[in-house]
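Visitor: One structure, pasted below without further comment.
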Amino acid sequence: MNRTAPHPLLAPSGHHLLRLGRYSLLLHRRSMAIALILGLLLIAVATAILAAGDDTLTPWKALQAALGQGDALQVFLIQELRLPRLIAGLLSGAALGAAGCLLQTLARNRLATPGVIGIDNGATAFAVASIVAVPTSLAPSALALSGAATAAVLTFALAAGGGARGYRFIVVGIAIGALFGALTNLMLARSDMDAANAAYPWTVGSLNARPADSVLLLGIGLAAGLPLAKLLANALSLMRFSDSVAIGLGVRLQRMRLLTLALCVWLTALAVAVVGPVGLIALAAPEMARHLCNRHGVPVFNAALSGALMMILADWLGRTLLAPIEIPVGIITSVVGGPYLLWILLRQAPRSST
Amino acid sequence: MTLLSSLLGDTRQPDVRLEARDLSMGYAQTTIIDDLNLLIPSGQVTAIVGPNGCGKSTLLAGLARLHKPSAGQVLLDGKVIGSLPSRDVARRLALLPQDASAPDGLTVSELIRFGRQPHQSLLRQWSEEDQAIVEAALVAADLVDLADRPLESMSGGQRQRAWIAMAIAQATPLLLLDEPTSALDLGHQIEVFELIRQLAAAGKTVVMVVHDLSSACRYADHLIAMHQGHIVASGTPQEIVTPELVEHLYGVRCTLLRDPLSGTPVIAGVSKLT
């Protein structure tokens, strides 16, 4: 087809156009700028957190030590103590932020996050069971994954008919979450003190001494999951329309929903295996990303960055606020994130869709 | 009109053929469409009419592959529509459903750009063709001055034109509209119907579900009259619309007049059967 365009090709307003021959990419300017700012902020905060502590280093020294240079004691302090915790926080925050954004889009409801739908609790219950009830040699990640998948499948099956839309899905999800939550408490109540103590971080969410192999798995899962979410971005943005519009524009809705849910379960479970149920990140991070991006599209990537930032800040607060007593990160996110979320929800009160 | 034809004319694919064969549709135990056969005449405006609950919206949903048939099939160019890749169908058939809703804050031009989605891909997100067609759709729906307005700030008529513009931007030879003028006042109804006539003049095949029989007669070339899941009559309005048909469909008595402008039937003097 040989069309003479009335005007030279311009990017739609607010976008930047990259072209190479027949190929073209549209980049949303504001989303890109926000990603850049969040990224820089993340690096700055992460460096500051690495440097701060009982033995405060200069940021430069801290970075050098992270790379294995400098004083042996400092290298040990950074590489063995502070860095693993920081990485666990960054990865789990990013995974929870992205997972929340995916599920909210799927359900077209801002309340529908993995924590609310019961996926977090499912993962936790299985992980706690492995510690107190039926000790297995399976990694917590595998157990969390099967728990999360069980909760998601149960929620979906019991909400059948209503699909992944509307309050039926959410109400069923809350019930499933409560069920798994009760199961976790029951197991803790019936187990001896030592086992209950070992399982405690799982129930509130903490970044203290997380298993290294779970963190590694989460890193791999995130490296696979985030690009996949980016690939689905177009279809995801169409899922924000009513079903019939999305189908009319060529989205294979059933398949897309399944894929989105699977991705969300995957990211949530791997994150919960590391940090426990810090569900509020999945609720607040996408909210923050959407707000920053002027509600443009489905900001999975910016939600991941926001989640990572929130997680490491909350963990840092928890360690310093009442030092030397450490407050688990899950409690901090609830105390700080709850009011923040309320503020956002109340500020744009009448509109409820994403 | 000439602008539309010149801008959209050459994106048109060869005529498409949309038909239903022995089509039945329904939910669980309820049959809504019962063993129905039809062929949509190409290049014309077809209106599906009938009383509430006669199955006209269900039929349209079936033709647009939104719902699966319980028996029989819908064929697009001779192939079962459900077996074709959905994006493929979206390049031939555009749909404006009755429950169309968009995310908050979306502007008119953003909405219309979404109409280009079936033609775009991960590495081809914006082209001269996309731009030209989006502009043509804005012009055709008379929305150029409103392009940057958020949808929720617009009147019902403007919003409906924006949705039709999105369907235009899909650049499909076939357009399916479910009650495109419901909830619009008279002036806005005429605006939308005139736009639909322009699209047909530019060579598109249009199928619409219309509530008001007089409007259907005025703006459609071809009528399909449905009653209890069956087609009871089809043909040009002049041919098929009679007081008997109106009585059969709606259970009312009426007199038929001629529209002074178009000569098409107008329903008047309606009274209940006694």
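Protein chains in written order, with numbering that gives the first Met the number 0: chain V, 0 to 353; chain X, 0 to 273.
Yeah, the Cβ is synthetic: ideal placement off N, Cα and C, and Gly gets one too.
#1: Excluding the 5 residues preceding and the 5 following Gly-67(V) in the sequence, name in chain order all residues of the same chain whose CB lies nearer than 8 Å to its CB.
#2: Is Ile-39(X) helix, strand or coil by DSSP?
#3: Does DSSP classify Ser-154(X) as helix, strand or coil?
#4: Please report the distance separating the alpha-carbon of Ile-116(V) from that of Val-170(V).
#5: Between which residues of its own chain and Ala-101(X) is the CB-CB distance below 7 Å, once the five residues before and five after are set aside?
#6: Would you list, in sequence order, the uninterrupted alpha helix (DSSP H) runs of no fewer than 4 residues that lie entirely inside the region 83-151 of chain X?
#7: Give me the chain X residues within the contact set of Leu-8(V), using Cβ-Cβ distance strictly less than 8 Å, ordered along the chain.
#8: State the DSSP-derived secondary structure class of His-27(V), mapped to helix, strand or coil.
#9: Who are the Cβ neighbours of Ala-94(V) in its own chain at under 8 Å, not counting the five residues just before and after it?
#10: Considering just the uninterrupted stretch of the beta strand (DSSP E) at Thr-45(X), what are its terminal residues?
#11: Less than 8 Å separating the beta-carbons of Phe-168(V) and Gly-121(V)?
#12: Measure the C-alpha to C-alpha separation of Ile-42(V) and Leu-308(V) and round it to an integer number of angstroms.
#13: For Tyr-249(X), does the count of other Cβ atoms within 10 angstroms reach 16, so buried, or fall short, so exposed?
#14: Looking at the strands, I want to know which residues DSSP matches up with Ser-23(X).
#15: Span of the beta strand (DSSP E) holding His-295(V)?
#16: So, does the region 236-244 of chain X touch the region 218-225 of chain X, judging by three or more C-beta pairs under 8 Å?
#17: Would you list, in chain order, the members of the region 198-232 of chain X that have their beta-carbon closer than 9 Å to a beta-carbon of chain V?
#18: Given this structure, state the Cα-to-Cα distance separating Ser-241(V) from Ile-130(V), to the nearest angstrom.
#19: Near Leu-101(V), what residues of its chain come up, given a Cβ to Cβ distance below 7 Å and the 5 sequence neighbours on each side ignored?
#20: Using a Cβ-Cβ cut-off of less than 7 Å, give me the residues of the region 148-160 of chain X that come near chain V, in sequence order.
#21: Taking the beta strand (DSSP E) that Cys-253(X) belongs to, which residues open and close that run?
#22: Cα-Cα, which of Pro-259(X), Glu-193(X) and Leu-94(X) is closest to Leu-59(X)?
#23: For Leu-260(V), does the three-state DSSP call read helix, strand or coil?
#24: Would Leu-25(V) pass as a contact of Trp-125(X) if the rule is Cβ separation under 8 Å?
#25: Bridge partners for Thr-204(X) per DSSP, in chain order?
#26: Would you check if the distance between the CB atom of Ile-195(X) and the CB atom of Ala-168(X) is smaller than 8 Å?
#27: Which residues in the same chain have their Cβ closer than 6 Å to the Cβ of Ile-331(V), if we skip the five residues on either side of it in sequence?
#28: Considering only residues of the same chain and omitting the five flanking positions on each side of Gly-204(V), which have a CB-CB separation below 7 Å?
#29: Please classify Arg-239(V): does DSSP put it in a helix, a strand, or coil?
#30: Could you confirm whether any beta carbon from chain V is found closer than 8 Å to the beta carbon of Asp-144(X)?
#31: Under 8 Å, Cβ to Cβ, is there at least one residue of chain X near Phe-300(V)?
#32: Taking C-beta to C-beta, are Asp-87(X) and Arg-294(V) nearer than 8 Å?
#33: So what's Gly-268(X) in DSSP terms, helix, strand or just coil?
#34: Do Leu-176(X) and Val-138(X) have their C-beta atoms within less than 8 Å of each other?
#35: Suppose you measure from the CA of Ser-352(V) to the CA of Arg-107(V); what does that come to, to the nearest Å?
#36: Check distances from the C-beta atoms of the region 255-268 of chain X to those of chain V and list, in chain order, the residues that come in under 9 Å.
Guide: So, to answer that:
#1: Val-74 and Gln-78
#2: coil
#3: coil
#4: 8 Å
#5: Leu-110 and Leu-150
#6: 85-89, 107-113 and 127-139
#7: Trp-125, Ser-126, Glu-127 and Gln-130
#8: strand
#9: Leu-217, Gly-220, Leu-221, Gly-224, Leu-266, Thr-267, Leu-269, Ala-270, Ala-303 and Gly-306
#10: 44-48
#11: no
#12: 9 Å
#13: buried
#14: Ala-70(X)
#15: That residue, His-295(V), is in no beta strand (DSSP E); it is neither H nor E in DSSP.
#16: yes
#17: none
#18: 44 Å
#19: Ala-228, Thr-259, Leu-262, Cys-263 and Val-299
#20: none
#21: 251-257
#22: Leu-94(X)
#23: helix
#24: yes
#25: Leu-173(X)
#26: no
#27: Ala-313, Leu-316 and Gly-317
#28: Val-274, Gly-275, Pro-276, Val-277, Pro-327, Val-328 and Gly-329
#29: coil
#30: no
#31: no
#32: no
#33: strand
#34: no
#35: The predicted model places Ser-352(V) with a pLDDT of 43, which falls under 50 and marks its position as unreliable, so this point remains unresolved.
#36: none
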